[in-house]
Amino acid sequence: MIHIITTGGTIGGLDNDQKQNPRKISTNSLQAANVSFSFAIEEAFRKDSRSITPKDRDYLVERIQSSKAQKVLITHGTFTMEETAKHLGKLNLNKTIVLVGSFILGASKNSDAPFNLGYAICALQFLKPGVYVAMNGDIFHWNNVRKNLKTNRFERKDEK
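In the UniProt record's numbering, the protein residues as written are 1 to 160.
Right, here's the structure in full:
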């Protein structure tokens with residue numbers, strides 16, 4: 001089973017002004033994709049990631065620890081995704097956890113959200129326990145990822 005925890009962000013349809021333009025990941029959308037795995041979806045909170053607090057990250061940890069699932073997908077805004085990944089990664093939670101987001105509003109017609117979401121779900125099923133970020137066709141380990149604001153992409157810290 002995959003436990004999907006949503007937190008808001010661009011992938012969830014929150015724009016820069018935190019105006020709601022919802023694009024919730026729903027049971028219906030995954031069923032329409034004819035997925036063959038079991039899943040549960042839980043909304044932890046609905047925030048622009050710049051508003052996520054240490055208390056919110058601790059709440060995510062509680063949700064992950066209380067989940068019976070060994071595979072957890074977290075939808076998250078890209079601004080602080082690397083901070084949340086680092087927070088979770090340092091805890092050695094012994095589960096496979098993938099954070100995913102989008103750069104283009106999830107409710108937009110040309111959003112990268114559907115691709116990123118599908119890619120992250122696929123990656124989650126094959127990765128070993130640990131914390132990862134899956135964005136734009138790449139997987140990053142929690143301790144080797146950063147968001148490049150100039151290119152608006154994630155990259156490995158050890159790449160130049």
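Positions of the beta carbon are idealized from the N, C-alpha and C atoms, including for glycine.
- Contact annotation: Thr78 and Phe115 have beta-carbon atoms that are not nearer than 9 Å.
- Under the three-state reduction of DSSP, Asn94 is assigned to coil, being neither helix nor strand.
- About 24 Å separates the Cβ atoms of Ala85 and Val35, ruling out a contact at the 8 Å cut-off.
- In the three-state scheme derived from DSSP, where H, G and I count as helix and E and B as strand, Met81 is classed as helix.
- Note that the C-beta distance between Ile41 and Ile64 is not below 9 Å.
- Here the C-alpha atom of Gln31 lies approximately 21 Å from the C-alpha atom of Ala44.
- In this chain, the alpha helix (DSSP H) harbouring Phe126 covers 113-126.
- Pairing Lys95 with Met1 gives a Cβ-Cβ distance that is not under 9 Å.
- The DSSP-derived three-state label of Lys55 is helix.
- Secondary structure at Ile104: coil, using DSSP grouped into helix, strand and coil.
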